[in-house]
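Below you'll find the structure, written out as structure tokens, and then a few comments.
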Amino acid sequence: MDWKPTSTSAPATLSETIYQALKKAIIDGEIKPGQRLQDKEIAGLFHSSATPVREAFFRLAAEKYLVLNARKEVLVQDATFEEVLELYEIVRVLDKHAVRIALRSLGPGEIGKLRDMTRELERLHGAGDHQGYLEQNLAIHDFIWRQCRNNFLHEILGELMAKIGIYRRNSGLPPFTDPKALEKSLKDHQNIQRYLEEGNLKALEKLIDAHWGEEFIVG
Numbered sequence: 715m716d717w718k719p720t721s722t723s724a725p726a727t728l729s730e731t732i733y734q735a736l737k738k739a740i741i742d743g744e745i746k747p748g749q750r751l752q753d754k755e756i757a758g759l760f761h762s763s764a765t766p767v768r769e770a771f772f773r774l775a776a777e778k779y780l781v782l783n784a785r786k787e788v789l790v791q792d793a794t795f796e797e798v799l800e801l802y803e804i805v806r807v808l809d810k811h812a813v814r815i816a817l818r819s820l821g822p823g824e825i826g827k828l829r830d831m832t833r834e835l836e837r838l839h840g841a842g843d844h845q846g847y848l849e850q851n852l853a854i855h856d857f858i859w860r861q862c863r864n865n866f867l868h869e870i871l872g873e874l875m876a877k878i879g880i881y882r883r884n885s886g887l888p889p890f891t892d893p894k895a896l897e898k899s900l901k902d903h904q905n906i907q908r909y910l911e912e913g914n915l916k917a918l919e920k921l922i923d924a925h926w927g928e929e930f931i932v933g
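If you want this note's numbering, it's the 1-based position in the sequence shown plus 714.
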């Protein structure tokens, strides 16, 4: 395979090192959906035996990044559009919960940061930079989720968005191909900023229910 692991700070075990490296490579698109992984080949890259590689494979399969099929092949998971919509359903529920918590800790500094991030989103929209707009869009959500001060909740939401990102990259569908979806997204984010400043939880929850997934709307 063409992929080569990059050096990172060493976790506690070799299995953890392999797990983290493979997971990052899948999320970053260095290892593609549908690609077959072989334990001996991966072991050679890490100068290890096959045992820690298999341990990493089982963890990644449990998290739906890999598939272990009946022929004992290890394949990178390839999500369907329907599965992505199911992921968005979970994001909606968890996002509403995260926003409820975040509202308690948002101060003037955080509101000011959010205002600046929304202005940058508006600039990218005006420039027609759809990819930059998508990245800033996700950065705003991540910033809000961090304010809930719940590392487990933030990590779960990050995992969900990473899996959606894998589908987005593999599908080759450009973000916000429908202008109506782009306009709706920008208006939503302007309202998210306003409702957070006002502390308007009811309006935020209603908005979140209709917000997620608009970048896949076409035609």
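From the three backbone atoms N, C-alpha and C, an ideal C-beta is built for every residue, glycine too.
Check                                                                                                                           : Outcome
Nearest candidate by alpha-carbon position, reference residue 838, set 827, 875, 850                                            : 850
When 813, 795, 728, 773 are compared against residue 919, the one with the closest alpha-carbon                                 : 813
Strand pairing of residue 789, partner residues [DSSP]                                                                          : 750, 781
Which of helix, strand or coil DSSP assigns to residue 890                                                                      : coil
For residue 848, the nearest candidate out of 810, 888, 803 (CA to CA)                                                          : 888
Within 8 Å, strictly: CB atoms of residue 875 and residue 900                                                                   : no
Nearest candidate by alpha-carbon position, reference residue 737, set 777, 759, 765, 760                                       : 777
Alpha-carbon to alpha-carbon, residue 867 and residue 933                                                                       : At residue 933 the pLDDT is 42, less than 50, meaning the model places this residue with poor confidence and gives no usable figure here.
Outcome for residue 807 when other beta-carbon atoms lying within 10 angstroms are tallied against a minimum of 16              : exposed
In chain order, each alpha helix (DSSP H) run of at least 4 residues that lies wholly inside the region 786 to 845              : 795 to 819, 822 to 841
When 869, 912, 917 are compared against residue 820, the one with the closest alpha-carbon                                      : 912
Enclosing alpha helix (DSSP H) for residue 883 [first to last residue]                                                          : 865 to 885
Cut-off 8 Å between Cβ atoms - residues of its own chain near residue 903, not counting five sequence neighbours on either side : 832, 835, 851, 854
Separation of residue 895 from residue 926, as counted between CA atoms                                                         : 11 Å
Sequence-distant residues of its chain with Cβ nearer than 7 Å to residue 715 (five each side left out)                         : 755
Endpoints, the alpha helix (DSSP H) within which residue 766 is located                                                         : 764 to 776
Burial state of residue 752, where buried means 16 or more other Cβ atoms lie within 10 Å                                       : exposed
Proximity below 8 Å, CB of residue 764 to CB of residue 757                                                                     : yes
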